[in-house]
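>
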Amino acid sequence: MTIKVSIDASGGDHGIPVTIEAGIKALREFKDLHLFFVGDDSAIQKELLQHSSAKNLSKRFTVTHASEVVAMNESPSIALRKKKDSSMRIAINLVKDGQADACVSAGNTGALMAISRFVLKTIKGIDRPAIMGRMPTMTGHTHMLDLGANVDSKPEALVEFATMGSIAVQYTEDIPAPTIGLLNIGEEEMKGNEKIKKTAELLKASNLNYAGFVEGDDIYKGSVDLVVCDGFEGNIALKASEGVASMMGHYLKQAFTRNTFTKIVALIASPVLKDFKSSLDPGKYNGASLLGLRGIVIKSHGGANSFSFLQAIKEAHIEAHAKITEKISNQVSLELENQPSE
Numbered sequence: 074m075t076i077k078v079s080i081d082a083s084g085g086d087h088g089i090p091v092t093i094e095a096g097i098k099a100l101r102e103f104k105d106l107h108l109f110f111v112g113d114d115s116a117i118q119k120e121l122l123q124h125s126s127a128k129n130l131s132k133r134f135t136v137t138h139a140s141e142v143v144a145m146n147e148s149p150s151i152a153l154r155k156k157k158d159s160s161m162r163i164a165i166n167l168v169k170d171g172q173a174d175a176c177v178s179a180g181n182t183g184a185l186m187a188i189s190r191f192v193l194k195t196i197k198g199i200d201r202p203a204i205m206g207r208m209p210t211m212t213g214h215t216h217m218l219d220l221g222a223n224v225d226s227k228p229e230a231l232v233e234f235a236t237m238g239s240i241a242v243q244y245t246e247d248i249p250a251p252t253i254g255l256l257n258i259g260e261e262e263m264k265g266n267e268k269i270k271k272t273a274e275l276l277k278a279s280n281l282n283y284a285g286f287v288e289g290d291d292i293y294k295g296s297v298d299l300v301v302c303d304g305f306e307g308n309i310a311l312k313a314s315e316g317v318a319s320m321m322g323h324y325l326k327q328a329f330t331r332n333t334f335t336k337i338v339a340l341i342a343s344p345v346l347k348d349f350k351s352s353l354d355p356g357k358y359n360g361a362s363l364l365g366l367r368g369i370v371i372k373s374h375g376g377a378n379s380f381s382f383l384q385a386i387k388e389a390h391i392e393a394h395a396k397i398t399e400k401i402s403n404q405v406s407l408e409l410e411n412q413p414s415e
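Numbering follows my numbering, in which position 341 of the sequence shown is assigned residue number 414; successive positions increment by one, without gaps.
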């Protein structure tokens with residue numbers, strides 16, 4: 074089975090140099106992978122010449138020209154209405170037309186969500202797509218959604234997020250019944266606003282493996298497989314964790330370069346520091362899923378380097394193999410059929 078992934082090669086802060094390098098690495102790693110590099114043809118061809126292995130891999134990738142690029146600060150509505158030949162739009166179109174199994178983009182998040190929703194539509198029974206990503210924990214990683222696609226979500230929407238996230242984690246992580254925690258300001262049942270309390274009631278009544286409330290610090294303990302929250306809180310938690318990781322790196326570097334003695338200590342401790350840095354590197358967990366669409370779309374961090382963008386391609390490869398869209402659609406259809414008639 075060949076997995077075909079379209080790459081928005083021109084998207085993101087760094088564009089073609091990063092996406093092409095990551096794509097070549099992905100093709101070398103996954104023998105069943107075929108890529109569509111979507112962007113300015115001449116710029117892509119020029120970049121491919123910089124990679125010696127590209128010639129041997131040429132039968133496993135296709136260059137698809139796009140004359141426009143969605144800027145990182147561009148209005149999603151403008152990108153949707155006026156840039157129909159953008160690399161982002163064409164990459165998503167390839168998924169809609171069945172030529173690609175998934176799409177990966179490091180471009181403007183709002184534009185990616187707007188275009189994906191317009192082109193691919195949502196799965197029947199899903200009101201709002203949600204962004205799910207991985208977060209580092211003491212035991213490995215957990216998954217979290219929504220990370221910013223929706224603000225002020227209703228309890229019913231949060232249960233939809235939990236359903237989609239549970240299915241995605243089940244089939245991409247091979248966890249039969251993922252444990253689900255609802256992000257709250259405390260673990261006690263009386264804590265939280267009315268929306269959170271209502272969501273908890275719905276989750277308890279569902280067939281999902283609901284474990285109860287989790288607090289912000291529980292995210293990083295790895296006590297549950299999936300953390301569910303509104304996009305407002307989720308995006309703050311994501312950015313805060315990235316900020317803490319950057320701050321810790323800054324102070325460690327400052328401490329170990331203070332004088333000759335600390336530099337010697339840093340040299341001795343370099344294997345430990347390298348492992349520490351790797352554990353907290355946001356790029357290691359790059360690649361957030363836009364769940365609820367009729368197609369797989371993976372959002373890479375806009376400033377991703379080739380290593381980070383490679384992780385996003387890997388996520389697309391995993392989800393395409395697992396047929397995540399089909400699994401979510403089947404589960405939602407089953408739940409709709411089992412709903413009592415009025």
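Glycine included, every Cβ here is placed at the ideal spot set by N, Cα and C.
None of the values given here were measured: they were computed from a predicted structure.
Measure the Cβ-Cβ separation of K77 and A179 and say whether it is below 8 Å.
No, they are not a contact pair.
> Can you list, in chain order, the residues of its chain with a C-beta nearer than 6 Å to that of I305? Leave out the 5 residues immediately preceding and following it.
Note that residue 305 corresponds to Phe in the displayed sequence, not to Ile. Closer than 6 Å at Cβ, skipping near neighbours: V224.
> Rounded to whole angstroms, what is the Cα-Cα separation between I117 and H390?
When rounded, the distance between both Cα atoms is 22 Å.
> Give the DSSP-derived three-state secondary structure of A179 in the structure shown.
Here A179 sits in coil by DSSP.
> Can S131 be considered in contact with the ligand SAH, in the sense that its beta carbon sits closer than 7 Å to one or more heavy atoms?
As presented, the structure is devoid of all ligands, the ligand SAH included, so that no description of it is given.
> Within its chain, find whatever has a CB closer than 7 Å to the CB of Q243; leave out the 5 residues flanking it on each side and keep chain order.
P249, P251.
> Helix, strand or coil, according to DSSP, for E306 in the structure here?
Three-state DSSP puts E306 in a helix.
> What did DSSP end up calling E141 once you bin it into helix, strand or coil?
The answer is strand: DSSP assigns E141 an E or B state.
> Assuming A377 is part of the alpha helix (DSSP H), what are its boundary residues?
From DSSP, A377 is part of no alpha helix (DSSP H); its letter is neither H nor E.
> DSSP on P249, reduced to helix/strand/coil?
Reduced to three states, the DSSP call for P249 is coil.
> Which residues in the same chain have their Cβ closer than 7 Å to the Cβ of E147, if we skip the five residues on either side of it in sequence?
For E147, where only same-chain residues beyond five positions count, the Cβ hits under 7 Å are N181, A184.
> Starting from the C-beta of K156, find all residues in its chain whose C-beta is less than 7 Å away, skip the five residues before and the five after it, and write them out in chain order.
The answer, listed in chain order, is E141, V143, R162.
> Which class does K169 belong to by DSSP, given the choice of helix, strand or coil?
Reduced to three states, the DSSP call for K169 is helix.
> If you measure between the beta carbons of P209 and L364, is that distance less than 8 Å?
No, the Cβ-Cβ distance between P209 and L364 is not below 8 Å.
> Which value, in whole angstroms, describes the spacing of the CA atoms of A230 and R190?
Spanning the two alpha carbons is a distance of roughly 16 Å.
> Whose C-beta lies closer than 7 Å to the C-beta of F380 among residues of the same chain, with five residues either side of it excluded?
These residues qualify, in order along the chain: G356.
> Taking 8 Å as the threshold (C-beta atoms), are L276 and S239 in contact?
No, these two residues do not count as a Cβ contact at 8 Å.
> If the criterion is Cβ atoms closer than 8 Å, does the pair I196 and V405 meet it?
Contact: yes.
> Between which two residues does the beta strand (DSSP E) carrying P209 extend?
Element bounds for P209: 203 to 210.
> What does the alpha-carbon distance come out to for the pair L311 and R101?
Using only the alpha carbons, I get a separation of about 31 Å.
> Judging by CA-CA distance, which residue of K400, Y324, L153, P228 is the nearest neighbour of K268?
Looking at the Cα atoms, P228 is the closest of the given residues.
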